[in-house]
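Plus 18 on top of the position in the sequence shown (first one is 1) and you've got this note's numbering.
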Amino acid sequence: MDNLKCAEHLSDSPSTSMTLNADSAVVASHSRRRSVKVTNEAHLHHEHGRLVLGQLPVNRKRAAPSDRLSAAQWPSVLALSDKAIHQDIRCLDNMFVAQNITAVSGNYFLSIQTHITAKHRQQAVEWLLDVCKEEQCEPDVFPLAVSYIDRFLGQQNIFRENLQALASVCLFIASKVKAPQPLSASRIAYYTDGGVRLQEILSWEMLVLSKLNWDVSTSTALDFLDQVAARYSALHGLEGTCRNAVHRIQLGHYLEHFGKVFQYSSKNAWLASEE
19 MDNLKCAEHL SDSPSTSMTL NADSAVVASH SRRRSVKVTN EAHLHHEHGR LVLGQLPVNR
79 KRAAPSDRLS AAQWPSVLAL SDKAIHQDIR CLDNMFVAQN ITAVSGNYFL SIQTHITAKH
139 RQQAVEWLLD VCKEEQCEPD VFPLAVSYID RFLGQQNIFR ENLQALASVC LFIASKVKAP
199 QPLSASRIAY YTDGGVRLQE ILSWEMLVLS KLNWDVSTST ALDFLDQVAA RYSALHGLEG
259 TCRNAVHRIQ LGHYLEHFGK VFQYSSKNAW LASEE
C-alpha cells in the first residue's frame, strides 16, 4: 500500500482554476449569477405578452362596434332561395291579385291630364333614371318610383311645372321603401338644380301618399322577373338585360301599347323577357 501513496504535496500540484485566485473566483461567480438574472428577466419580458391559461388580459381594448361588424368572421356564403317566396305558387298569385288593385286605368293623357304629354313624362322619367344611376340606387327603386308617378297621374291632373316635383317625391318615397340608405330630400332637391325646393318635396310627400292610399309596397316588373327567374334557372344570366329592358319600357319606348304596358307590372316583365 505504500507504493500507492502520493509523495507530492498539495502546494506543489499545478492549479486547476485556470490561474484564477480566490478574488477572481468570487467575481466570476457573481458574473454568472448576474447573467442568469438578466437571462431570466429577458425571458420574463418575452413571456409578458403571453397569457397564462385562465389569466385575464390587463390592457386589452375592446374593439369598436363598427370594427367588429366590418370584420369578416367567415367566408361569404351564397344565400339560398327562400322556399316561402320563390317556390310557393300562392306568392305569385297574390302578386297578380295585388297589381289589379293598383293598376293604372288606361291612357291618362287622354282622360285626365290636360297640361302634360307623354313627352313631358318621358323627360321626367329620364331625369329620374339619371339620378338613380348617379346615386347607385337599388335596382327596384327606379321602377317603383315610376309606378308611383303613373298611379298619381292616373288620378290627379297637374301642371307641367309640377311634374319634376312629383318625380322627386316619388323617388323620395321609393328610396324609403327599397333602399337600405334612403336618399334625403335635400339630396334629391340638389339634383333639380333649383327647380324643386326642399320644403316643396316635403309638402308634396303627403299629397302623393294620400293619392296612393298609402299603398307603397307594390310589386314591380323586377319582382315578377325575380319570381320567373327562380322557376327557370336559364333566366339568371339575363337579369341585367331584363332590367335594362324594363327601364326602356318605363321610359315610354312602348307608348303605342300604353294601355297595356303601364297598366300592369307583370306585362312590363313579360315585354322585358321578350326582348
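Positions of the beta carbon are idealized from the N, C-alpha and C atoms, including for glycine.
(message) Out of Gln154, Asn112, Asp100, which one is the CA nearest neighbour of Ala197?
(response) Position 179 of the sequence shown holds residue 197. Closest by alpha carbon: Gln154.
(request) Label Gly172 either buried or exposed according to how many other C-beta atoms from any shown protein chain fall within 10 Å of its C-beta, with 16 as the threshold for buried. (result) The residue you call residue 172 lines up with position 154 of the sequence shown. The residue is buried, with at least 16 neighbouring Cβ atoms inside 10 Å.
(request) Taking all protein chains shown into account, decide if Asn262 is buried (16 or more other Cβ within 10 angstroms of its Cβ) or exposed. (result) As a first step, residue 262 must be located in the sequence shown, where it is residue number 244. Asn262 is exposed by the Cβ-count criterion.
(message) Helix, strand or coil for Trp232? Go by DSSP, reduced to three states.
(response) What you label residue 232 is simply residue 214 of the sequence shown in a count that begins at 1. Coil at Trp232, not helix or strand.
(request) Can you tell me which of Glu144, Thr259, Leu162, Phe170 puts its alpha carbon nearest to the alpha carbon of Asn125? (result) By one-based count along the sequence shown, residue 125 stands at place 107. It is Phe170 whose Cα lies nearest to the Cα of Asn125.
(request) In angstroms with no decimal places, state the Cα-to-Cα distance between Tyr209 and Ile191. (result) Numbered from 1 along the sequence shown, position 191 holds the residue referred to as residue 209. Numbered from 1 along the sequence shown, position 173 holds the residue referred to as residue 191. In a straight line, the C-alpha of Tyr209 is about 16 angstroms away from that of Ile191.
(message) By alpha-carbon positions, which one of Leu230, Glu144, Pro200, Gln117 ends up nearest to His265?
(response) The count along the sequence shown starts at 1 and reaches residue 265 at position 247. The shortest C-alpha separation from His265 is found at Glu144.
(request) Ignore the nearest five residues each way along the sequence and tell me which others in Thr135's own chain have a CB closer than 8 angstroms to its CB. (result) The count along the sequence shown starts at 1 and reaches residue 135 at position 117. Phe127, listed in sequence order.
(message) With a threshold of 8 angstroms, are at least 3 pairs of Cβ atoms found where one atom belongs to the stretch 204-222 and the other to the stretch 231-249?
(response) no
(message) Can you confirm whether Ile219, when its beta carbon is compared against all beta carbons of chain B, has any partner nearer than 8 angstroms?
(response) The question asks about chain B, but that chain is absent: this structure has only one protein chain.
(request) Select from Gly212, Ser186, Leu230, Asp211 the residue whose C-alpha is nearest the C-alpha of Ala203. (result) Position 185 of the sequence shown holds residue 203. Answer by Cα proximity: Ser186.
(request) Work out the CA separation of Leu146 and Lys278 for me, nearest whole Å. (result) Locating residue 278 in the sequence shown gives position 260, counting from the first residue. Locating residue 146 in the sequence shown gives position 128, counting from the first residue. Low local confidence applies: a pLDDT of 47 at Lys278 is under 50, so the model's placement there is unreliable, and no value is given.
(message) If distances are taken between C-alpha atoms only, which option among Leu269, Phe242, Cys260 comes closest to Ile107?
(response) Position 89 of the sequence shown holds residue 107. When only C-alpha atoms are compared, the closest one is Phe242.
(message) Between His104, Ala102, Ala116, which has its C-alpha nearest Ser237's C-alpha?
(response) Reading the sequence shown from its first residue, position 219 is the one you call residue 237. If we check each option's Cα against that of Ser237, Ala116 comes out closest.
(request) Report the rounded CA-to-CA distance for Ala133 versus Cys188, giving the unit in angstroms. (result) The sequence position of residue 133 within the sequence shown is 115, counting from 1. The sequence position of residue 188 within the sequence shown is 170, counting from 1. Here residue 133 is His; the residue named in the question, Ala, does not match the sequence. Whole-angstrom Cα-Cα distance: 19 angstroms.
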